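These notes are about the structure you will find just below.
Protein chains: 4
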Amino acid sequence: MEKLKVGIIGAGRIGQVHAKSITYHIPQAEIVAISDIYVEGAKKVAEELGIPNYYEDYHEILNNPEINAVLICSSTDTHADIAIEAANAGKNIFCEKPVDLTVDKIKAVIAAVEKAGVKLQIGFNRRYDHNFAYIKSLANEGKLGKLQTIKITSRDPEPPAIAYVKVSGGIFLDMTVHDFDMARFIGGEVEEVYANASVMVDPEIGEAGDVDTALITLKFKSGAVGVIDNCRKACYGYDQRLEVFGSGGQASAANDTPTNVSYINENGNSSDKPLYFFLERYMQSFTDEMTEFIDCVVNDKDTKTTVNDGLEALRLGLAAKLSVAEHRPVKLSEIEA
Amino acid sequence: MEKLKVGIIGAGRIGQVHAKSITYHIPQAEIVAISDIYVEGAKKVAEELGIPNYYEDYHEILNNPEINAVLICSSTDTHADIAIEAANAGKNIFCEKPVDLTVDKIKAVIAAVEKAGVKLQIGFNRRYDHNFAYIKSLANEGKLGKLQTIKITSRDPEPPAIAYVKVSGGIFLDMTVHDFDMARFIGGEVEEVYANASVMVDPEIGEAGDVDTALITLKFKSGAVGVIDNCRKACYGYDQRLEVFGSGGQASAANDTPTNVSYINENGNSSDKPLYFFLERYMQSFTDEMTEFIDCVVNDKDTKTTVNDGLEALRLGLAAKLSVAEHRPVKLSEIEA
Amino acid sequence: MEKLKVGIIGAGRIGQVHAKSITYHIPQAEIVAISDIYVEGAKKVAEELGIPNYYEDYHEILNNPEINAVLICSSTDTHADIAIEAANAGKNIFCEKPVDLTVDKIKAVIAAVEKAGVKLQIGFNRRYDHNFAYIKSLANEGKLGKLQTIKITSRDPEPPAIAYVKVSGGIFLDMTVHDFDMARFIGGEVEEVYANASVMVDPEIGEAGDVDTALITLKFKSGAVGVIDNCRKACYGYDQRLEVFGSGGQASAANDTPTNVSYINENGNSSDKPLYFFLERYMQSFTDEMTEFIDCVVNDKDTKTTVNDGLEALRLGLAAKLSVAEHRPVKLSEIEA
Amino acid sequence: MEKLKVGIIGAGRIGQVHAKSITYHIPQAEIVAISDIYVEGAKKVAEELGIPNYYEDYHEILNNPEINAVLICSSTDTHADIAIEAANAGKNIFCEKPVDLTVDKIKAVIAAVEKAGVKLQIGFNRRYDHNFAYIKSLANEGKLGKLQTIKITSRDPEPPAIAYVKVSGGIFLDMTVHDFDMARFIGGEVEEVYANASVMVDPEIGEAGDVDTALITLKFKSGAVGVIDNCRKACYGYDQRLEVFGSGGQASAANDTPTNVSYINENGNSSDKPLYFFLERYMQSFTDEMTEFIDCVVNDKDTKTTVNDGLEALRLGLAAKLSVAEHRPVKLSEIEA
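Chains as they are written, first to last, in numbering that gives the first Met the number 0: chain Z, 0 to 336; chain V, 0 to 336; chain B, 0 to 336; chain W, 0 to 336.
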């Protein structure tokens, strides 16, 4: 069987993750080219992984008729434009999240993708996490009955640099966006958002116009309620948990840890903290999402994590921002769709 | 040393719990009399525990000069009036919660207690629970740093009878009131409440004018945020958990279970559900709160769980009701104090 | 219904435990008298619990025709003689373990009990522990299939005083005897014992002719294998676990802990050590064994923990001693029966 | 930097595991050739991983002067002879365990390796397991104090084919050999072995001259005691645990599981079984042992898992066999060294 030919746009951290997944774990695909505006970065990855071509200009990838699918791993502000170009060039697309920080741009992507009839999958990798995917499967099998309460804890080990905070779009679009997607993944569409936010970690984050601690209440169309608690810093590491309560039972995912060892002495019983780094915590999920994308393209299946999912997660983020600004619950219908 | 002489008003379930704690576990006190409007009930308890006197009319207890302290374990609607009478009679008072469902009545109790110079402790037994008290001690010792997020899960195994729902004051005054007290116990005073509520367990509860599933967001004066999730029915039993996250760490209390046995076979690894019944789950806390009350009276210490705590928990409940009614965040300052 | 009249011989720690269980938790029985060679001790307990009579000489209990059952809680060396006298006096007997440190004496007790037609229950309280009893019930229900491997961990928080070590009969008769009974409770009769022992905690224990760390291998008649690991000192407290593996699954009991709280900070995730003191760890089991004894007497049922169980546990201890002395596996049939 | 050139002898399951580790995770090395007596197997692996040469005859690897290190992944009976040839050819050697089932053959390998001055590492991958390696590090750091009791549980999910059982050398040389190595890894040298064994899983295993359930007691030279419990079949999967108890504390490793999800409903609280397949359970350890081997060769360090470790594990297995045969504790000094 001929391998699917893939081009990667962006050779930074996440581009490298996907490049390795394909090279080492996905025999149905091969990487034909990688590009980066910092071309030395593209060259280095190409050499390490035996990728035959590297470029500064991603158009060389889009213009290569041999390439069937592209992974958009460039900086966030370029995602939408490149996605539209890629769709116009007839490429299937894997696009890192967020697609964009505006509704209009995402709608333009949706339009381009529909017109071109290509596939587009958004990189909401947490849907592919072993723990969360298992809870989703329990819900799908009816093991949880009618869902009533969805609780998501998502705390980072360290806040990002202040320079990044300033351009990030704020905690709701930058960090909570993953949790909004998880909320929709488990609970379906959301009707209303109420967000409570504080600056408790670092006053500089507040001075940069953002918050660092948030508690977001969700009302789902199903009648279920949800809550997301975020913090930019947990001293014990990366805290990523999910609890789903329904009429049929409750499922909860604890954190992954480096070992399963308990050590007990006169001071108590101790065990590992959660895995600290997101790439370590979610590594398998990155491979699994890419495996699914390649499978969708090769076997002409619909992608399950679509650009519409990216749009809805953004709208939830915008609703949360509005809720904080106006200090009131905000209906999702108030946000442009 | 002479024992503290105690009278118990109300020989129902909770009156019996306290009667047994004193008889079996608190050698500094003795029960001199017990009363109940259903006098046969008082007689039965008196005989079982060797209490020398039983009455139909609680005034016989209040009028007995030998009795130093009374436990008010009668029906909720009588708590405030009896407390006022007991204060006027110079008795130290242990009063079951809620003190009353109105702010005015509680303020009248506060006034009477202050005027009489007697002690009053409210039966918020969960403060004395081994798990929650330990988390409180971690917070007090600074082990959690500055508190940021407080999460309380409180779900009942079964909804109460519809007849009870109708007179209960609603889920916020009847069930969440305990969780509001826990929130204040850990996080201090609350500034604002936003409550999200649904009828998901039983439509009859909705027809009775109440809700059965709720998610209440709290903003503390300290800047911390909190969330309480309630449900009138968890198919797996009585779910009582607390998680406190701060700059110094996180503490979380799992449920108590009948055994610590794991059983693993080809179907998976299984262990016990939480203890089902509140008396089983919180039995030790009832003894411990009574031990503290007796100690406060005998050794002339201030009670730590005061009538003001009862008032503030009520105000939080009223704020939650208003939040649902007006679908907006409600400042606690909007509620009569 | 008339209450069963009970006399307690020995007012020390364990006598008090049983006295409280009966007074506070077993309404079918009442304590009529308590004796102790240190009569002030008996007096103190009698006053605290409202026991009408106390004596120096236990014969006053045996001679009281009103008393139906006696609890033998005196020092070990007196158990057998008193049990025989009590049987001859027609009393039903609850006897603390060990019955005796010699086979002959226990056989004399068995003969006396049989002749008198009275009931005798041995105080192997761990059979009544919530965790171990639940594992036994899983085995009885066939949930574990055919049992293959039984593992018992039993470690004390602190070694006993050297003076006690010298008269204790050694670790196998003093400490392991409980584990031998647990092994038989779960796995049935034992065919062979091999014991490996060291002095690793305190050389004085070795000088006193005993060992402090032991690993005992058991071969059951069923073909199952078992292992008991003992230590006189675990720095983290009282370690009491059981694991049973069979063709149908595995059940394991973790230690009981004071709380179910996890505390996590930058140093890791920590939780409570096991309960430290045997009375705290096994308190409920003492009440439950006494409840069963009283029930057997009142309702004329056979006791389930018999003097024969005491004999077999002793024989296993003697086999373990012989195994260490001769450094070889010892068949239980080599030990006088 | 030039990459270390490696040849792999044997393209079966474990050969493929190592080939992938080097290809995907160890940039300091490259595989130059792979051989297998079933040459189609070698060809397939070579093509999949881009290995330039494949052979039927491993001598082509040994004769290639460019190749610096060889991995011996052929069938057990060939390990020793190939290792000797490889040493004579001046290759550094990674040899799968067991090196051989006889002491003499292993000693011949030791002699050849010493004479040639090459490195040899044995594939005791479990030493590199995240859980067990962490316990070892706790022991090394003194966190466990003086070691007293070492408990190893090792149960397979399914017994091997009877045909394999017949040539395997028996459970002690085939299965327990890993556990003997773990015992030495943690506890140091062993003085005496006592093995208790039964046929409880499948009578055919007994008819083939082997046992399927074993409990092996170890006495270490340090005075510590140890126990290994083995079974050829655990209905719940692959059970791999370690508990180390010392004067300073206890460390225990629970099984790894596919997820960290708890699901609780009216039937109880359930979670995942252990990972079922050894390659899944120990995958990271295979990569880590190979990384260490390559590092030792490239940077001229001594290997930590030596052929002597293979010899000592074999001697423990032979002692266990003798213990069962003669039904007595066997000193390791009775086994040829």
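Backbone N, C-alpha and C fix where the C-beta goes; we use that ideal spot for every residue, glycine too.
As the structure is a prediction and not an experimental result, all values here were calculated from the model.
Spell out whether any CB of chain V is found under 8 Å from the CB atom of residue i.
| i | result |
| --- | --- |
| P328 (chain Z) | yes |
| T212 (chain Z) | yes |
| Q239 (chain Z) | no |
| H58 (chain B) | no |
From the beta carbon of residue i, is the nearest beta carbon of chain W less than 8 Å away?
| i | result |
| --- | --- |
| Y235 (chain V) | yes |
| S251 (chain V) | no |
| V297 (chain Z) | no |
| N364 (chain V) | Nothing about residue 364 (chain V) can be read from this structure; chain V reaches only from 0 to 336. |
Which residues mark the beginning and the end of the alpha helix (DSSP H) in which residue i is found?
| i | result |
| --- | --- |
| A324 (chain Z) | V306 to E325 |
| Q15 (chain V) | R12 to H24 |
| D76 (chain B) | T75 to N87 |
| T216 (chain B) | Not the alpha helix (DSSP H): T216 (chain B) falls in the beta strand (DSSP E), residues T212 to F219. |
Which residue marks the beginning of the beta strand (DSSP E) containing residue i, and which one marks its end?
| i | result |
| --- | --- |
| V189 (chain W) | V189 to S197 |
| N91 (chain V) | N91 to C94 |
| K150 (chain B) | L146 to R154 |
| D238 (chain W) | D238 to G245 |
| L119 (chain Z) | L119 to I121 |
Tell whether a beta-carbon distance below 8 Å holds between residue i and residue j.
| i | j | result |
| --- | --- | --- |
| T258 (chain B) | D238 (chain B) | no |
| I66 (chain B) | V31 (chain B) | yes |
| K330 (chain V) | E190 (chain V) | yes |
| A68 (chain Z) | D35 (chain Z) | no |
| V260 (chain B) | I8 (chain V) | no |
| V16 (chain W) | L278 (chain W) | yes |
| E230 (chain V) | V200 (chain V) | The residue you asked about is not Glu; residue 230 (chain V) is Cys in the sequence shown. Taking 8 Å as the Cβ cut-off, C230 (chain V) and V200 (chain V) qualify as a contacting pair. |
| N195 (chain V) | T152 (chain Z) | no |
| V164 (chain W) | I121 (chain W) | no |
| M181 (chain Z) | F131 (chain Z) | yes |
| I50 (chain Z) | M289 (chain Z) | no |
Straight-line CA distance for residue i to residue j?
| i | j | result |
| --- | --- | --- |
| N266 (chain B) | Y262 (chain Z) | 13 Å |
| Q27 (chain W) | E291 (chain W) | 11 Å |
| D211 (chain V) | H326 (chain Z) | 26 Å |
| E29 (chain V) | V44 (chain V) | 14 Å |
| T148 (chain W) | T256 (chain W) | 26 Å |
| C72 (chain W) | E335 (chain W) | 27 Å |
| L315 (chain Z) | R126 (chain Z) | 17 Å |
| K320 (chain W) | D209 (chain W) | 10 Å |
| P158 (chain B) | G245 (chain W) | 15 Å |
| F179 (chain V) | A312 (chain V) | 5 Å |
| N52 (chain B) | K42 (chain B) | 8 Å |
Determine whether the Cβ of residue i lies closer than 8 Å to any Cβ atom of chain B.
| i | result |
| --- | --- |
| E113 (chain Z) | no |
| P202 (chain V) | no |
| N268 (chain Z) | yes |
| K272 (chain Z) | yes |
Below 8 Å on the Cβ atoms is my contact criterion, and I expect residue i with residue j to pass it. Report the Cβ-Cβ distance as a whole number of Å.
| i | j | result |
| --- | --- | --- |
| Y275 (chain Z) | D128 (chain Z) | Not confirmed; about 16 Å, so no contact. |
| L3 (chain V) | T22 (chain V) | That belief does not hold up - the Cβ atoms of L3 (chain V) and T22 (chain V) are roughly 13 Å apart, past 8 Å. |
| G6 (chain W) | I60 (chain W) | 4 Å |
For residue i and chain Z, any beta-carbon pair shorter than 8 Å?
| i | result |
| --- | --- |
| N264 (chain W) | yes |
| K135 (chain W) | no |
| D255 (chain B) | no |
| N195 (chain V) | yes |
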